[in-house]
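Asks: All residue numbers for the sequence shown refer to my numbering, where the first residue is 18 and numbers rise by one.
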Amino acid sequence: MTISDAIPRLLLDNLTTATILLDAELRLEYMNPAAEMLLAISGQRSHGQFISELFTESTEALNSLRQAVEQAHPFTKREAMLTALTGQTLTVDYAVTPILNNGATLLLLEVHPRDRLLRITKEEAQLSKQETSKMLVRGLAHEIKNPLGGIRGAAQLLARELPEESLRDYTNVIIEEADRLRNLVDRMLGSNKLPSLAMCNVHEVLERVCHLVEAESQGCITLVRDYDPSIPDVLIDREQMIQAVLNIVRNAMQAISSQNELRLGRISLRTRTMRQFTIGHVRHRLVTKIEIIDNGPGIPAELQETIFFPMVS
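Put into structure tokens, the structure is as follows:
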């Protein structure tokens with residue numbers, strides 16, 4: 018194969034658009050890595066399979082594909098619902114273009130997931146609300162901290178003037194409650210400590226969490242590991258990441274125990290890589306995804322939009 022022959026395949030492999038090539042019988046000829054990532058299947062292993070074995074679509078859509086082969090007529094479908102083999106439902110736009118190759122008709126499918134665009138729009142709105150909420154909380158926290166110092170200082174001075182030790186119990190209560198409120202305000206403001214970043218294996222973090230949870234639950238809960246061993250080391254604060262994952266897993270344990278016996282609980286920790294993923298207005302070529310899945314009752318619908326706001330639990 019010459020360099021010029023390899024260029025088309027190289028271009029397709031590096032496209033961020035999910036691209037699928039079908040033969041005249043609607044069997045898979047090729048899919049690029051973006052399509053493999055979208056459908057969570059291997060193009061090499063799925064070669065020659067009928068399209069309905071790759072994902073579920075409506076009979077009407079299959080008829081449209083057959084018609085495109087017969088009439089060599091391109092078409093576009095908006096907001097189509099595809100069900101991947103994993104059971105995940107995807108909202109996509111796709112364009113179908115017939116291609117003649119040595120007298121045979123091939124179909125080129127360009128699939129654009131709408132879920133990602135909808136997710137980005139939703140996350141941007143949530144981030145905006147969270148930033149507004151954080152600004153209000155920080156402003157309120159500073160307003161609370163200022164008089165707290167005065168209250169605590171006045172209580173200490175008063176304690177020195179009291180003649181009886183029994184009366185100082187009351188000033189001690191004032192001082193202790195002022196300290197408790199100050200600690201609460203500090204938590205609301207967040208940590209001022211800069212993260213200690215270092216290259217770390219995320220699976221080492223997850224295993225540490227698993228050991229802690231197994232000790233806490235005394236082995237009553239089932240932990241399922243579903244790791245992608247190809248994930249490279251990432252730049253993180255190891256201790257903060259352990260704490261973040263541990264908090265989520267503990268929340269899952271509490272949700273499970275509130276619904277049924279802990280021994281019936283099941284928590285899965287899954288890692289995957291994702292390509293061309295947008296986080297905070299920045300599109301990353303490759304990211305690591307950590308999923309924590311439990312068989313508890315789930316987050317109530319009325320809390321799902323505000324679950325990450327300050328003081329919401």
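Note that CB positions come from ideal geometry on N, CA and C, so glycine has one too.
Given a cut-off of 8 Å on the beta-carbon distance, is the pair His129 and Tyr111 in contact?
Replies: Here residue 129 refers to the residue found at position 112 when the sequence shown is read from its first residue. Here residue 111 refers to the residue found at position 94 when the sequence shown is read from its first residue. Yes. Within cutoff.
Asks: Hey, out of Lys94, Glu46 and Arg242, whose CA is closest to Asp311's CA?
Replies: Reading the sequence shown from its first residue, position 294 is the one you call residue 311. For Asp311, the nearest C-alpha among the options comes from Arg242.
Asks: Between the beta-carbon of Leu45 and the beta-carbon of Gly65, is there less than 8 Å?
Replies: By one-based count along the sequence shown, residue 45 stands at place 28. By one-based count along the sequence shown, residue 65 stands at place 48. Their beta carbons are under 8 Å apart, which means Leu45 touches Gly65 by this criterion.
Asks: Around the C-beta of Leu102, are 16 or more other C-beta atoms found within 10 angstroms, so that it is buried, or is it exposed?
Replies: Along the sequence shown, read from residue 1 onward, the residue named residue 102 stands at position 85. Exposed, since its Cβ has fewer than 16 Cβ neighbours within 10 Å.
Asks: First and last residue of the alpha helix (DSSP H) that includes Ala224?
Replies: On the sequence shown, position 207 is the one that residue 224 refers to. Strictly speaking, residue 224 in this sequence is Glu, with Ala absent from that position. Taken as a continuous stretch (DSSP letters only), the alpha helix (DSSP H) holding Glu224 covers Val219 to Ser234.
Asks: Going by beta carbon distance, what residues of the same chain come within less than 6 Å of Arg95, once the five residues before and after it are set aside?
Replies: Here residue 95 refers to the residue found at position 78 of the sequence shown. Cβ neighbours of Arg95 beyond the five flanking positions: Asp110.
Asks: Between the alpha carbons of Phe92 and Glu221, how many angstroms are there, rounded?
Replies: Stepping through the sequence shown from its first residue, residue 92 is reached at position 75. Stepping through the sequence shown from its first residue, residue 221 is reached at position 204. Between the alpha carbons of Phe92 and Glu221 lies a distance of about 48 Å.
Asks: With a threshold of 16 other CB atoms inside 10 Å of the CB of Gly236, please say whether the residue is buried or exposed.
Replies: For the purposes of this step, residue 236 is taken as residue 219 along the sequence shown, with counting starting at 1. Around the CB of Gly236, fewer than 16 other CB atoms lie within 10 Å, so the residue is classed as exposed.
Asks: Of all the beta strand (DSSP E) runs that stay within the bounds of the stretch 91 to 152, which reach a length of 3 or more residues?
Replies: 92 to 101, 106 to 118 and 121 to 130
Asks: Might you give, ordered along the chain, the residues of its own chain that have their beta carbon closer than 8 Å to the beta carbon of Leu198, omitting 5 neighbours on each side?
Replies: Here residue 198 is taken as the residue at index 181 of the sequence shown, counted from 1. By the criterion of a C-beta distance shorter than 8 Å, Leu198 is surrounded in its chain by Ile161 and Leu165, once the five residues flanking it on both sides are discounted.
Asks: Could you check the C-alpha separation between Ser274 and Met48 for me, to the nearest Å?
Replies: Translated into positions along the sequence shown, residue 274 becomes position 257. Translated into positions along the sequence shown, residue 48 becomes position 31. Going from the Cα of Ser274 to the Cα of Met48 covers about 44 Å.
Asks: Could you pull the start and end residues of the alpha helix (DSSP H) that Ala78 belongs to?
Replies: Looking up residue 78 in the sequence shown gives position 61. Residues Thr76 to Gln88.
Asks: Report the three-state DSSP secondary structure of Ile316 (helix, strand or coil).
Replies: Working through the sequence shown from its first residue, we reach residue 316 at position 299. Here Ile316 sits in coil by DSSP.
Asks: According to DSSP, which residues form a beta bridge with Ser285?
Replies: Looking up residue 285 in the sequence shown gives position 268. Partner(s): Val241 and Ile310.
Asks: Take the Cβ of Glu193 as the centre, count every other Cβ of all protein chains shown within 10 Å, and call the residue buried at 16 or more, exposed below.
Replies: Here residue 193 corresponds to residue number 176 of the sequence shown, with the count starting at 1. Under this definition Glu193 is an exposed residue.
Asks: Alpha carbon to alpha carbon, how far is Leu144 from Val262?
Replies: If you number the sequence shown from 1, residue 144 lands on position 127. If you number the sequence shown from 1, residue 262 lands on position 245. One C-alpha to the other measures close to 21 Å.
Asks: Alpha carbon to alpha carbon, how far is Ser63 from Leu38?
Replies: Position 46 of the sequence shown holds residue 63. Position 21 of the sequence shown holds residue 38. Straight-line Cα distance between these residues: approximately 12 Å.
Asks: How would you call Met270, buried or exposed, if buried means at least 16 neighbouring beta carbons within 10 angstroms?
Replies: The count along the sequence shown starts at 1 and reaches residue 270 at position 253. It is buried - the Cβ of Met270 has at least 16 other Cβ atoms within 10 Å.
Asks: If I follow the unbroken beta strand (DSSP E) through Ala35, where does it start and stop?
Replies: On the sequence shown, position 18 is the one that residue 35 refers to. First-last of the beta strand (DSSP E) with Ala35: Ala35 to Leu39.
Asks: In three-state terms, what does DSSP make of Ala215?
Replies: The count along the sequence shown starts at 1 and reaches residue 215 at position 198. Ala215 falls in the strand class under three-state DSSP.
Asks: Measure the alpha-carbon distance for Met258 versus Ala232 and round it to whole angstroms.
Replies: Here residue 258 refers to the residue found at position 241 of the sequence shown. Here residue 232 refers to the residue found at position 215 of the sequence shown. Using only the alpha carbons, I get a separation of about 19 Å.
Asks: For Glu46, which three-state DSSP category applies?
Replies: Here residue 46 refers to the residue found at position 29 of the sequence shown. Strand, per DSSP.
Asks: Hey, how far is the Cα of Thr114 from the Cα of Thr36?
Replies: For this step, residue 114 is matched to residue 97 along the sequence shown. For this step, residue 36 is matched to residue 19 along the sequence shown. Distance between the alpha carbons of Thr114 and Thr36 is about 11 Å.
Asks: Are the CB atoms of Tyr244 and Thr288 nearer to each other than 8 Å?
Replies: Here residue 244 is taken as the residue at index 227 of the sequence shown, counted from 1. Here residue 288 is taken as the residue at index 271 of the sequence shown, counted from 1. Against a cut-off of 8 Å, the Cβ pair of Thr288 and Tyr244 comes out as a contact.
Asks: Are three or more beta carbon pairs between the stretch 249 to 258 and the stretch 213 to 220 nearer than 8 Å?
Replies: yes
Asks: What does a CB cutoff of less than 8 Å around Asn229 pick up in its chain, not counting 5 residues either side in sequence?
Replies: Locating residue 229 in the sequence shown gives position 212, where the first residue counts as 1. Checking the sequence, you will find Leu at residue 229 rather than Asn. Leu263.
Asks: Among the residues of its own chain, which have a CB less than 8 Å from the CB of Gln84, if the five just before and after it don't count?
Replies: In the sequence shown, residue 84 corresponds to position 67, counting from 1. Only His90 meet the Cβ criterion.
Asks: Measuring straight from C-alpha to C-alpha, what distance separates Arg283 and Leu303?
Replies: Within the sequence shown, residue 283 is the residue found at index 266, counting from 1. Within the sequence shown, residue 303 is the residue found at index 286, counting from 1. Whole-angstrom Cα-Cα distance: 29 Å.
Asks: Tell me which same chain residues have a C-beta within less than 6 Å of the C-beta of Val202, skipping the five on either side of it?
Replies: Walking along the sequence shown from the start, residue 202 turns up at place 185. Exclusion of the five residues before and after Val202 leaves Ala158, Ile161 and Lys162 as the residues of its chain whose Cβ lies within less than 6 Å of its Cβ.
Asks: Beta carbon of Leu32, beta carbon of Ala51: below 8 Å?
Replies: For the purposes of this step, residue 32 is taken as the residue at position 15 of the sequence shown. For the purposes of this step, residue 51 is taken as the residue at position 34 of the sequence shown. Yes, these two residues count as a Cβ contact at 8 Å.
Asks: Identify whether Arg62 lies in helix, strand or coil by the three-state DSSP scheme.
Replies: On the sequence shown, residue 62 is found 45 positions in, with the first residue counted as 1. Correct three-state label for Arg62: coil.
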